[in-house]
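Okay, structure first, notes after.
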Amino acid sequence: MATVKRTSGDYNIYTYDASGTVDGNVGITTHTVTITGNLNVTGTQTTVNSTDTNIQDRLIVLNDGESGAGVTGNLSGLEVDRGSETNARLVYVESTDKWSIDNGTGTVIAIATSASGNGGIENVVEDTTPQLGGDLDVNGQSIVSASNGNIVIAADGSGILHVDGSAVRLQNEASDPTGQSGYTTVYAKAAGSGGTGLYAVSGTTSADELVSKSKAVVFGIIF
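Per the working numbering, the sequence shown starts with residue 284, numbered consecutively.
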């Protein structure tokens, strides 16, 4: 049968040892414990052994009661017990003012953020090891360089650069570009006696125009 215990004021339970020091434990063995009201737990450690924990709070405060300017212990966050493997962590690092992750290496690495600090990567330059997960659609834009910098497309190892699709258009140069040792420079300019307007500089030699078929026939007859 149900039992109701009513009391006015506080209701305290203490456990003491023979010397009068607070000691021992209070155990409750039952199917369900329901607390109507606030639950305040004081002490240095709270252990919850449950398979599923449901929390309605939309915001959980960690490092509550901090009195210093920032996290005194430098780190605050979540840690995952991985058994015999090194634990994984998601933490805020006070010394760097960044959210960081530890994937079980024992070292926290800052989560990439924008240069403005507003969260998320805003520019590719902020990702030092970018990789594409699909085709790159330039969406009508151009790939350009700054400060007269070169644009280098380098296939790895024995890989070959393929250009698929329609024609390749080279904009005419106003003057002959400087060749580079170890490279063949191909460029377009106003057509000369060769009739193509397509020029090549092998290494640092002088530029030569590729000759069209019709011009080659004429030159063959003349020379």
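Every residue gets a Cβ at the ideal spot worked out from N, C-alpha and C, and that includes glycine.
*From the DSSP output, which residues share a beta bridge with K381?*
Residue 381 sits at position 98 when you count from the first residue of the sequence shown. Answer is V376.
*Closer than 7 Å by C-beta to V376: which residues in its own chain qualify, once you throw out the five before and the five after it? Chain order, please.*
As a first step, residue 376 is located in the sequence shown; it is residue number 93 there, counting from the start. Only N357, L358, S383 and V391 meet the Cβ criterion.
*Identify whether A499 lies in helix, strand or coil by the three-state DSSP scheme.*
As a first step, residue 499 is located in the sequence shown; it is residue number 216 there, counting from the start. A499: helix per DSSP, three-state reduction.
*Is S464 closer than 8 Å to G478 when the C-beta atoms are compared?*
What you label residue 478 is simply residue 195 of the sequence shown in a count that begins at 1. What you label residue 464 is simply residue 181 of the sequence shown in a count that begins at 1. No.
_Using the three-state DSSP reduction, which class does V363 fall into: helix, strand or coil?_
Taking the sequence shown and counting its residues from 1, one reaches residue 363 at position 80. V363: strand per DSSP, three-state reduction.
*Beta-carbon proximity of R372 to G360, cut-off 8 Å*: Translated into positions along the sequence shown, residue 372 becomes position 89. Translated into positions along the sequence shown, residue 360 becomes position 77. In this structure, G360 lies closer than 8 Å to R372 by Cβ.
_Quick check on the burial criterion: 16 or more other C-beta atoms within 10 angstroms. Buried or exposed for Y299?_
Taking the first residue of the sequence shown as position 1, residue 299 is located at position 16. Looking at its Cβ environment, which holds fewer than 16 other Cβ atoms inside 10 Å, Y299 is exposed.
*Pull up the distance between the alpha-carbon of G480 and that of A473, whole angstroms please.*
As a working note, residue 480 is residue 197 in the sequence shown. As a working note, residue 473 is residue 190 in the sequence shown. Annotation: G480 to A473 spans about 5 Å, alpha carbon to alpha carbon.
*May I ask you to report which of helix, strand or coil DSSP gives V287?*
Counted from its first residue, the sequence shown places residue 287 at position 4. In the three-state reduction of the DSSP assignment, V287 falls in the coil class, being assigned neither a helical nor a strand state.
_Among D306, A483 and S497, whose alpha-carbon lies nearest the alpha-carbon of T468?_
Taking the first residue of the sequence shown as 1, we reach residue 468 at position 185. Comparing Cα-Cα distances from T468 to each of D306, A483 and S497, the minimum goes to A483.
*For E349, which residues from the same chain have a beta carbon less than 7 Å from its beta carbon, with the 5 sequence-adjacent residues on both sides left out?*
Translated into the one-based positions of the sequence shown, residue 349 becomes position 66. Contacts found: T355.
*Residues of its chain near S428, where Cβ-Cβ distance is below 7 Å and the 5 sequence neighbours each way are ignored*: Here residue 428 refers to the residue found at position 145 when the sequence shown is read from its first residue. The residues are I434.
_Give me, in chain order, the residues of the same chain whose beta-carbon lies closer than 7 Å to that of H445; leave out the 5 immediate sequence neighbours on both sides._
Locating residue 445 in the sequence shown gives position 162, counting from the first residue. Excluding sequence positions up to five before and after H445, its CB lies less than 7 Å from no other CB in the same chain.
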